[in-house]
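In the working numbering, the protein residues as written are 43 to 393.
Where is the CB? At the ideal position from N, CA and C, for every residue including glycine.
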DNA sequence: AAGTCGGGGTG
DNA sequence: CACCCAGACTT
């Protein structure tokens, strides 16, 4: 049972206006060079662009393509090299999924279709359709945050409605053109970025404003939940020129290198000093460290679902104790390892 | 359906 | 400060 039926007149007007707008206003992006637009480059760009702004991605994309110009080159990449290039970009699972996916592709080629691509790790509903549309003009409904925003404005949809996702899917499917879907979906991306922006949309110069039900009206958002603030202690343990470093095993920042951290915990502001003292003494007891420590300062870091306040403690050891699961690295060696932005902040604070 | 995964730019 | 970004994956 269709809730929406979009007539042919709307469809043809919609497509015509959007494509002609794109012809004039399209952005010049590094992964859009027609002459070398291929699966590999589109794939890397789409993965990098996940939850990440175009302006952030561009330098990372260029660096990536310079290091591994083709898929064949990328086949030789090590996970740690990919993570090193990825450092600072965030959502590091993406780098690991790229690694897993290219290992699969190295063994077995797959054809480019939304159905096949979805089997690769890190490629889901959106990216599989996007790649297949751009490279093969497959007429699949490409739906991302941009397109979702445009359609919810044009059809005045309520994001809090339980049926929101199915409504979007239905509308997007009907609007997907049989031909030129690749150009069409990229047009929508640019329109969303340049005109139909999240805040202050430029409805005055929008080519499809005459088709839009909610001219510039604010989109109703789900009510935000409080983001918790957690506390941890970072242990900068030094012996001569060596620092005690571990490789993260948690899901968060997995496989990146870090100073040892205490458990993350929600702590009232007034209890933070208490938390520091207890965490430090318990950690030093665990590893049987008898020396004194110095409080260096703190850095704060934002993750998507909580904020972290890192209390930094410096410990200088008179001899190289053995620690399970840790390794001793000079600063020079450490700089060659992949680390998170949080780790960079801590490093800079210690210097 | 909700939670987990980064981090920086913007209003 | 809050909000957002070319989402995927797990539970």
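query	result
To the nearest angstrom, how far is it from the Cα of residue 199 to the Cα of residue 54?	22 Å
Ignore the nearest five residues each way along the sequence and tell me which others in residue 307's own chain have a CB closer than 8 Å to its CB.	272, 273, 274 and 317
I believe residue 335 touches residue 356 by the beta-carbon criterion, under 8 Å. Please report the beta-carbon distance rounded to the nearest angstrom.	7 Å
Under the three-state reduction of DSSP, which class applies to residue 133: helix, strand or coil?	coil
With DSSP run on the structure shown, which of helix, strand or coil describes residue 88?	helix
What residue from 342, 98, 150 and 141 has the CA that sits closest to residue 72's CA?	98
Going along the chain, which unbroken runs of the alpha helix (DSSP H) with 4 or more residues stay wholly within the segment 154–206?	156–159, 167–178 and 187–196
State buried or exposed for residue 125, treating a residue as buried only when at least 16 other CB atoms are found within 10 Å of its CB.	buried
Per DSSP, what kind of secondary structure is residue 301 in: helix, strand or coil?	coil
Please state if the CB of residue 299 and the CB of residue 312 are separated by a distance shorter than 7 Å.	no
Going along the chain, which residues of its own chain have a beta-carbon closer than 8 Å to the beta-carbon of residue 269, five neighbours each way excluded?	347, 348 and 349
For the structure I just gave you, are there three or more beta carbon pairs, one from the segment 172–186 and one from the segment 148–160, closer than 8 Å?	yes
Between the alpha carbons of residue 380 and residue 195, how many angstroms are there, rounded?	41 Å
Is the CB-CB distance between residue 287 and residue 371 below 7 Å?	yes
Among 90, 340 and 174, which has the Cα closest to the Cα of residue 164?	90
Identify every run of the alpha helix (DSSP H) within the segment 296–355, keeping only runs that are complete inside it and at least 4 residues long; order them along the chain.	314–328
Spatial neighbours of residue 127 within its chain, please: CB distance less than 7 Å, with the 5 preceding and 5 following residues excluded, ordered by chain position.	105, 106 and 109
Could you spell out where the beta strand (DSSP E) holding residue 252 opens and where it closes?	Note, residue 252: premise wrong, no beta strand (DSSP E); not H, not E.
Is the CB-CB distance between residue 234 and residue 214 below 7 Å?	no
When DSSP builds the beta bridges, which residues end up paired with residue 284?	281 and 372
Can you tell me whether DSSP reads residue 125 as helix, strand or coil?	helix
Near residue 407, what residues of its chain come up, given a Cβ to Cβ distance below 7 Å and the 5 sequence neighbours on each side ignored?	Since the first and last residues shown for the chain are 43 and 393, residue 407 lies out of range.
What's the C-alpha gap between residue 304 and residue 315?	14 Å
Tell me the rounded alpha-carbon separation between residue 283 and residue 323.	24 Å
Identify whether residue 363 lies in helix, strand or coil by the three-state DSSP scheme.	coil
Using DSSP with H/G/I as helix, E/B as strand and the rest coil, what is residue 234?	helix
For the alpha helix (DSSP H) containing residue 380, name the first residue and the last one.	Note, residue 380: premise wrong, no alpha helix (DSSP H); not H, not E.
Among 81, 222, 360 and 87, which one has its Cα closest to the Cα of residue 60?	222
Would you call the segment 80–95 in contact with the segment 62–70, where contact means no fewer than 3 C-beta pairs closer than 8 Å?	no
From the DSSP output, which residues share a beta bridge with residue 289?	299
So residue 359 and residue 279 are supposed to be a Cβ contact under 8 Å. How far apart are they, rounded?	6 Å
Would you tell me roughly how many angstroms separate the C-alpha atoms of residue 409 and residue 172, rounded to the nearest one?	The structure shown does not extend to residue 409, since the chain is modelled only from 43 through 393, so no value can be given for it.
Report the rounded CA-to-CA distance for residue 333 versus residue 385, giving the unit in angstroms.	24 Å
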